[in-house]
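**Student:** My questions all concern the structure below.
Number of protein chains: 2
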Amino acid sequence: MDRIFNPKSIAIIGASSRAGSIGNMVVQNLIDSKYTGKIIPINPTAPEILGFRAFKTVNDVTDDEVDLAVYAVPEKFVVGAARDCSKKRVAGHVVITSGFSEVGNHGPERELVEVVRASGGRVLGPNIVGLLVNGCNANASFAPYLPYRGSTALVSQSGALIIALDGTTYLRHFGCSSMISLGNMSDINFADVIRYLTHDPTTKCIGLYIEGLHDGRAFIEAASACEKPIVALKSGVSAHGAAAAASHTGSLAGSIKVYDAAFKQAKVLRAENLEELLVMSQTLGMQPPMMGKNVLVITNGGGIGVLSSDAAEVAGVPLNTAPKDLQDQLYKCMPSFGSPKNPVDITGGTGAKGYEDSIAIALRHEWVHGLAVLYCETGVTNPLEIAQSIERAVSGAKGFGGEAKPVVCCFVGGQRSVDAAFYLMDKSIPVFTEPKSTMSAIGALRRHGINVALRKVDTPFVPFSDTTASKQRAIEVISSVRAAGRLGLTEPESYEIFTAYHLPMPKEVLAKTEDQAVEFAHKIGFPVVMKIVSPQILHKSDIGGVKVNIKDDAGVRAAFNTIKQNALKAKSDAEIHGILVCEMASWGKEVIVGSVNDATFGPAVMFGMGGIFVEVLKDVTFRVAPFTPAVAKAMMPEIRSYPILTGIRGEKPRDVDALAQIISRMSQIAADLANEIAEIDANPVLVYEEGKGCCVVDARVILKDKTPKAAAPAHGH
Amino acid sequence: MDRIFNPKSIAIIGASSRAGSIGNMVVQNLIDSKYTGKIIPINPTAPEILGFRAFKTVNDVTDDEVDLAVYAVPEKFVVGAARDCSKKRVAGHVVITSGFSEVGNHGPERELVEVVRASGGRVLGPNIVGLLVNGCNANASFAPYLPYRGSTALVSQSGALIIALDGTTYLRHFGCSSMISLGNMSDINFADVIRYLTHDPTTKCIGLYIEGLHDGRAFIEAASACEKPIVALKSGVSAHGAAAAASHTGSLAGSIKVYDAAFKQAKVLRAENLEELLVMSQTLGMQPPMMGKNVLVITNGGGIGVLSSDAAEVAGVPLNTAPKDLQDQLYKCMPSFGSPKNPVDITGGTGAKGYEDSIAIALRHEWVHGLAVLYCETGVTNPLEIAQSIERAVSGAKGFGGEAKPVVCCFVGGQRSVDAAFYLMDKSIPVFTEPKSTMSAIGALRRHGINVALRKVDTPFVPFSDTTASKQRAIEVISSVRAAGRLGLTEPESYEIFTAYHLPMPKEVLAKTEDQAVEFAHKIGFPVVMKIVSPQILHKSDIGGVKVNIKDDAGVRAAFNTIKQNALKAKSDAEIHGILVCEMASWGKEVIVGSVNDATFGPAVMFGMGGIFVEVLKDVTFRVAPFTPAVAKAMMPEIRSYPILTGIRGEKPRDVDALAQIISRMSQIAADLANEIAEIDANPVLVYEEGKGCCVVDARVILKDKTPKAAAPAHGH
């Protein structure tokens, strides 16, 4: 990929002398950006373009190698040009041209990729703004200039956003290593780019603008393997926005809850909006991760101090009071009416020296894991002097452990503060203009720090020992259900699969006759629960198909007949497999564990508290399957109703370890049978007190519909 | 107040020729800002300062009237100078000097206010940066210059923030009518300033930075009476932040939930952070309220279109698809691959004309209530031309109803976009640099629109007819409890108060003997509930002091004795008033209605669903008491668990009208007895199906402790 993202020679297909044409702009931009490699215009007639010798086709190029070809020709010429370029073994095919799958024109896009891949090349695009790489000074795009130079790579599915942000990087002194436009992602996708950037020495942080991933699993894999911080803005998260995204890029916008899960699992930090993407990816490109929870705020204004404390809580890094010895040291840097707690208020009259001294102390103190330095412009202090003192203090702390602690600043003021901020930004100390962004940057550094620590203890998912047998048994059940022409499993069928994977369930036996029911009830032990089993009856309780707490033979006989009658009353032609006689589970806290088959990420498991918490409050969390019990346990505190499991109103805590086992096993079922199962629903799972385990009381499995769909309408119109 | 905030003459107490002194800066700033009134330096020795004749004291001033005095003398001279100024009948005393109550020095601050108020004058401060008024060009402060000229008044408890934001207004072209520093609020407070600005012709919107209000009720009253939009940023909302705020201004930070309630009731829009305060107060100073729910987004980039759709949902103004006839008209302004839905994507190649035409169409269409115009800077369009076309289209729509519809823009790009944005800002069309702020601005305009509509239907709280009798009865009960040396009421005592206010409660009678209990049970009708009544036993259930579902005489006798024994077993010296025999209420949905006596706002009523929803999820909402049933009804959808009342899982909706009556009546109790009651707890209130009312099953009242506290430690140290 280095030939693509760090090319030594670039051919411009459709290079042109006509000002205003894309083919002209790309050549001019490469010249203006002082591209360090070779510029090779391709034009069927012109011998020379903008001072560079031009060639009729790429195959006429006399050089041995052409690393990159940038396509600026109309759609109808693209595939032909790709054949030429492929003969020449061009590595990267940057197709700016639009009019492909984004307007329903899928055929030529597929052909383009086939031709290029056959030669070992890769396609970037089509429908992109191009490629902007600061490392080799290549503005191979129609964006006006290379972005402000720095360490963050921005990768975007929207080309318009790249052009617009190009200018923004200068307004903020937001340094970028490269800007990569992905467009239709016919070939090179986010995973490919992440894999490249993982090893790109000029990139310290990766920022992504995602409308929809095509291959969620490849993304998770690539991002998980990347130790550099990755920040992603996923758009199309509102109901209406999802519709807009689909019409825009034609990509499927997976459920945002599953995206959220995938980002967590891949250790990708999610930005909620464009501003956050910029704030976070800028900061993470400049500063080290925050490896502990204590952030110290140093400020010259009480007002922004309080605001930063509020913002810290929102950003997930709530302030703690500084320890006494640190307070004592800091108190020497301020007048008597200052405050050495946290925020540390060195007061408005305190100038550069107060900042320098207090920062030096803070960075050397082991309690401090990260530092936010706030400055309100005043009449008596000079912002640039403050900035210089901050820089001196930060540099000075190197060698005393200070280099491992992140520093983020906030300068509130006018133009002088902006200039001072730029001074710091250019020295890789991020500065924002209000406390919210500053603390949100600190929050991002902390989240990255947690990820860095997690990487060290993460263990891969190990299937439970008997997975082959379990899977085989499940497939047998599924095959027989499919053979019967059904997609919904009856309760005994679901039970078979769950028990094959060793999920704890109440004993249950299917009785065909009244006498059998009595016999089974005795074997199981009273009291029992009895339920109708019929593929045609899904909502058993609603039609009187369930009887609980049956205590004796007479009760079993009565229930058997009543249930059967109720079933036939509800649906006279119902095919009745029998009546299920079940052990009556003792009551525990109800939780729900389910699985879906997400369009983007495949099987994913959901967890939430039972009843109203899921149905009304939507208080659920997801993970992409399969995952370990440790991951399952980490899901639990993410729901608001989690305290129900830890014990409220004096109740004992619940057996969350056993629950984690169940959730993890469910994730294995969902993953093992991803090709077969559409949805699983274990509702409720009863969770008992600590050490007493869980019980899956009701299980429902729905298979994927594999019958061929009616032919899709022809593309293009 | 006009003499204070629009003064014709300003005396500077402590005016000085010494550069760098506050007394020098204030005179110089008034000169530099081209103050339109008279500048009167006061200095004990100098005959002239910076070219103006100086006087020894204010009383030596030869002019008839001095409107304003700005104090720039050390704390020890302030009260003396105030006596002089008061003799001269100075209207406004702007005390920049610090060293008063903010450092515990309360005495001189109190004296200052007494002296000034006795002469009919008012004190602004002390401990402030001064007063900046664009209307009369008065920079009567030590901030460097007047803020960028415009329509928003910024009022801040933090002086440092005013100086810092002064410069920021120029960076954003954020227009201000004035900046007012409140500092210690010894006299003039937020309510006073709001009352003045309500009628100030130069101010269209009021932005507040609040650390803590001293008199919450006065604030609500003043803000409620102001029809101009008010935006407030309340700081100190995090646990740690509240502590920081208290140490900073010495003001009590009331519970943020009650602040939230007060803001709603006063129709004040709350900003969550400094950036939001600026975005919202800037926008509301420039644009009319949005009087309906339909916002149309016009964009040249699909990416920011989707992001704006996401941001719209977060901002509470989710996008809706434009109606067919509007789509048809809009589709004529874009190439065939554009989208006329919502966001309306006129595509990147479309320039000024596309914007002008589509905006003209949108503003003239009755479906559209507000417009967001987004622009991504591109290589082929000129941002300034786009800005000019937007301005033309907006101006052109005037006379077609367009003037009543707000327009907010978003320009993402580089310096050219910034310049274009300034062009629009100076014509009162707000522009932001990313979709989040843009849609948050639209959200603020919509919230203001809803407030404007609400003002027309709002009715004042009318006490229930028998309030005098109710209150008298309650006071009798409370007096007898106080006479008994208690603060906690027993259940029959609370019952007395609740029934005096006609709250629906189960029948209940206190039985002193077993025979009485049987007799009362027959009167009430079986089944009954029986409960211990003892001031020493608060948690009745825990000690076996409650028996439910008692069905006959034998049951009553058994319960009477068991309860009594259990009580004595739990607390052998418990004073037992008797055993309460109660009607057993049929079961309904449990809600909690309570009241607190907030330090800032006084009595406030809380509402939430019973049990875990309040205890674990903190899913509650507040209003300051008293309030109407209509307000009570508006509280309900604010809790997440509200669907439980509207009917879930096929249940019938609950009697929310009856519940609203109860909540409103509770608010009257809390307000009527604000001096007596600390807390009320009606838990649970059972809510029956629509038309079937509610029942307050358990009532608990705690009185205010009126015993004198130990003397507070002396101030100052």
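Those protein sequence lines, which keep their order, are chains A and B.
The opening residue of the first sequence carries number 0 in numbering that gives the first Met the number 0; numbering runs sequentially from there.
The opening residue of the second sequence carries number 0 in numbering that gives the first Met the number 0; numbering runs sequentially from there.
Glycine is no exception: its CB is placed at the ideal position from the N, C-alpha and C atoms.
To which residues of the same chain is N188(A) closer than 8 Å at the C-beta, ignoring the five residues directly before and after it?
**Tutor:** For the purposes of this step, residue 188(A) is identified with residue 189 of the first sequence, where counting begins at 1. Around N188(A): L181, L212, H213, D214, A217 and F218.
**Student:** Give the residues of chain A in contact with E376(B), contact being defined as C-beta atoms less than 7 Å apart.
**Tutor:** Along the second sequence, read from residue 1 onward, the residue named residue 376(B) stands at position 377. Simply I162, A163 and G166.
**Student:** Mind checking which residues open and close the beta strand (DSSP E) that includes E513(A)?
**Tutor:** Locating residue 513(A) in the first sequence gives position 514, counting from the first residue. Careful: E513(A) lies outside any beta strand (DSSP E), inside the alpha helix (DSSP H) at E513 to I523.
**Student:** Could you check which residue in I542(B), A624(B), N548(B) and K651(B) has the C-alpha nearest to that of I562(B)?
**Tutor:** Here the question's residue 562(B) lines up with position 563 in the second sequence. The shortest Cα separation from I562(B) among I542(B), A624(B), N548(B) and K651(B) belongs to I542(B).
**Student:** Taking a contact to mean a Cβ-Cβ separation below 8 Å, would you say V114(B) touches A81(B) in this structure?
**Tutor:** Stepping through the second sequence from its first residue, residue 114(B) is reached at position 115. Stepping through the second sequence from its first residue, residue 81(B) is reached at position 82. Yes, these two residues count as a Cβ contact at 8 Å.
**Student:** Step through the CB atoms of chain B and report whether any lies within less than 8 Å of the CB of E384(A).
**Tutor:** In the first sequence, the residue the question calls residue 384(A) occupies position 385. It does not; no Cβ of chain B falls within 8 Å.
**Student:** Are the C-beta of L685(A) and some C-beta of chain B separated by less than 8 Å?
**Tutor:** Against the first sequence, residue 685(A) aligns to sequence position 686. No, because no Cβ of chain B sits closer than 8 Å to the Cβ of L685(A).
**Student:** Verify whether the separation of the beta carbon atoms of N450(B) and K266(B) is less than 8 Å.
**Tutor:** For the purposes of this step, residue 450(B) is identified with residue 451 of the second sequence, where counting begins at 1. For the purposes of this step, residue 266(B) is identified with residue 267 of the second sequence, where counting begins at 1. Result yes, Cβ atoms of N450(B) and K266(B) sit closer than 8 Å.
**Student:** In the DSSP assignment, the beta strand (DSSP E) including R82(A) goes from what residue to what residue?
**Tutor:** In the first sequence, the residue the question calls residue 82(A) occupies position 83. Unbroken run through R82(A) is the alpha helix (DSSP H), E74 to K86; no beta strand (DSSP E).
**Student:** Per DSSP, I38(B) forms a beta bridge with which residues?
**Tutor:** The residue labelled residue 38(B) in the question sits at position 39 within the second sequence. I9(B), per the DSSP bridge assignment.
**Student:** Flag this pair as touching only if the segment 637-656 of chain A and the segment 482-496 of chain A have three or more C-beta atom pairs under 8 Å; answer yes or no.
**Tutor:** With a cut-off of 8 Å, the segment 482-496 of chain A and the segment 637-656 of chain A do not count as touching, because too few Cβ pairs lie within range.
**Student:** Going by alpha carbons, who is nearest to A633(A) out of D457(A), R116(A) and G442(A)?
**Tutor:** To locate residue 633(A), count along the first sequence from 1; it is residue 634. If we check each option's Cα against that of A633(A), D457(A) comes out closest.
**Student:** Please classify T96(B): is it buried, with 16 or more other beta-carbons within 10 angstroms of its beta-carbon, or exposed?
**Tutor:** The residue given as residue 96(B) occupies position 97 in the second sequence. It counts as buried.
**Student:** Using the C-alpha atoms, what's the distance from K340(B) back to A713(A)?
**Tutor:** Position 714 of the first sequence holds residue 713(A). Position 341 of the second sequence holds residue 340(B). With a pLDDT of only 42 at A713(A), under 50, the local geometry of the prediction cannot be trusted, and the value read off the model is given with reservation. Near 24 Å, if we compare the C-alpha coordinates of K340(B) and A713(A).
**Student:** Using a Cβ-Cβ cut-off of 8 Å (strictly less than) and excluding sequence neighbours within five positions of K720(B), which residues of its own chain qualify?
**Tutor:** Given a span of 0 to 716 for chain B in the structure shown, any question on residue 720(B) remains unanswerable.
**Student:** The beta strand (DSSP E) spanning R481(A) covers which residue range?
**Tutor:** On the first sequence, residue 481(A) is found 482 positions in, with the first residue counted as 1. Segment T466 to A482 is the alpha helix (DSSP H) holding R481(A); no beta strand (DSSP E) there.
**Student:** Quick one: which unbroken beta strand (DSSP E) runs of 3-plus residues sit fully inside the segment 272-317 of chain A? Chain order, please.
**Tutor:** The segment 272-317 of chain A contains these whole beta strand (DSSP E) runs: 294-298.
**Student:** Are the CB atoms of L283(B) and H172(B) nearer to each other than 8 Å?
**Tutor:** Position 284 of the second sequence, counted from the start, is the residue given in the question as residue 283(B). Position 173 of the second sequence, counted from the start, is the residue given in the question as residue 172(B). It is not a contact, given that the beta carbons lie outside the stated cut-off.
**Student:** May I ask you to report which of helix, strand or coil DSSP gives N58(A)?
**Tutor:** As a position in the first sequence, residue 58(A) is number 59, starting the count at 1. Residue state, collapsed to three classes: helix.
**Student:** Assuming M722(B) contacts V580(B) (C-beta within less than 8 Å), just tell me the rounded distance between them.
**Tutor:** An answer regarding residue 722(B) cannot be provided, because it is not within the stretch 0 to 716 covered by chain B.
**Student:** Once the 5 residues before and after R664(B) are set aside, which same chain residues still bring their CB inside 8 Å of it?
**Tutor:** Taking the first residue of the second sequence as position 1, residue 664(B) is located at position 665. So the qualifying residues of the chain are F463, Y500, H501 and L502.
**Student:** Is it the case that the Cβ atoms of G401(A) and V407(A) are separated by a distance below 8 Å?
**Tutor:** Numbered from its first residue, the first sequence carries residue 401(A) at position 402. Numbered from its first residue, the first sequence carries residue 407(A) at position 408. For G401(A) and V407(A), no; Cβs fall outside 8 Å.
**Student:** Looking at C-beta atoms only, is the number of pairs between the segment 342-356 of chain A and the segment 414-425 of chain A that lie closer than 8 Å three or more?
**Tutor:** No, they do not touch.
**Student:** Can you tell me whether R622(B) is helix, strand or coil according to DSSP?
**Tutor:** As a working mapping, residue 622(B) is identified with position 623 in the second sequence. It is a strand residue.
**Student:** For F399(B), count the other beta carbons within 10 Å of its own beta carbon; 16 or more makes it buried, fewer makes it exposed. Which is it?
**Tutor:** The residue given as residue 399(B) occupies position 400 in the second sequence. Exposed is the call here.
**Student:** What residue from T349(A), A117(A) and K435(A) has the CA that sits closest to C409(A)'s CA?
**Tutor:** Here residue 409(A) refers to the residue found at position 410 when the first sequence is read from its first residue. It is K435(A).
**Student:** Would you tell me roughly how many angstroms separate the C-alpha atoms of N104(B) and G235(A), rounded to the nearest one?
**Tutor:** By one-based count along the second sequence, residue 104(B) stands at place 105. By one-based count along the first sequence, residue 235(A) stands at place 236. About 56 Å.
**Student:** With distance defined between alpha-carbon atoms, name the residue in K455(A), I389(A) and F626(A) nearest to A659(A).
**Tutor:** Locating residue 659(A) in the first sequence gives position 660, where the first residue counts as 1. Comparing Cα positions, the closest option is F626(A).
**Student:** Going by C-alpha to C-alpha distance, which of I11(A), T202(A), K568(A) and V296(A) sits closest to V69(A)?
**Tutor:** On the first sequence, position 70 is the one that residue 69(A) refers to. With distances taken between Cα atoms, V69(A) lies closest to I11(A).
**Student:** Using DSSP's beta-bridge definition, name the partner residues of M178(B).
**Tutor:** Start at 1 with the first residue of the second sequence, and residue 178(B) comes out as number 179. Its beta-bridge partners are L131(B) and L153(B).
**Student:** Check distances from the C-beta atoms of the segment 5-33 of chain B to those of chain A and list, in chain order, the residues that come in under 7 Å.
**Tutor:** Those would be M24, in chain order.
**Student:** Can you list, in chain order, the residues of the segment 326-338 of chain A whose Cβ is nearer than 7 Å to any Cβ on chain C?
**Tutor:** Absent from the structure: chain C. Protein chains present are A and B.
**Student:** Among Q667(B), A139(B) and S85(B), whose alpha-carbon lies nearest the alpha-carbon of A71(B)?
**Tutor:** On the second sequence, position 72 is the one that residue 71(B) refers to. Nearest of Q667(B), A139(B) and S85(B) to A71(B), Cα basis: A139(B).
**Student:** Just checking: is the beta-carbon of K435(A) within a distance shorter than 8 Å of some beta-carbon in chain B?
**Tutor:** Counting from one through the first sequence, the residue named residue 435(A) turns up at place 436. Closer than 8 Å: yes.
**Student:** Going along the chain, which residues of its own chain have a beta-carbon closer than 7 Å to the beta-carbon of G722(A), five neighbours each way excluded?
**Tutor:** Since the first residue shown for chain A is 0 and the last is 716, residue 722(A) is missing from the structure and cannot be characterised.
**Student:** Going along the chain, which residues of its own chain have a beta-carbon closer than 8 Å to the beta-carbon of H716(A), five neighbours each way excluded?
**Tutor:** For the purposes of this step, residue 716(A) is identified with residue 717 of the first sequence, where counting begins at 1. Any answer about H716(A) is weak, because its pLDDT of 34 lies below 50 and its placement is not dependable; what the coordinates show is given next. For H716(A), where only same-chain residues beyond five positions count, the Cβ hits under 8 Å are G103.
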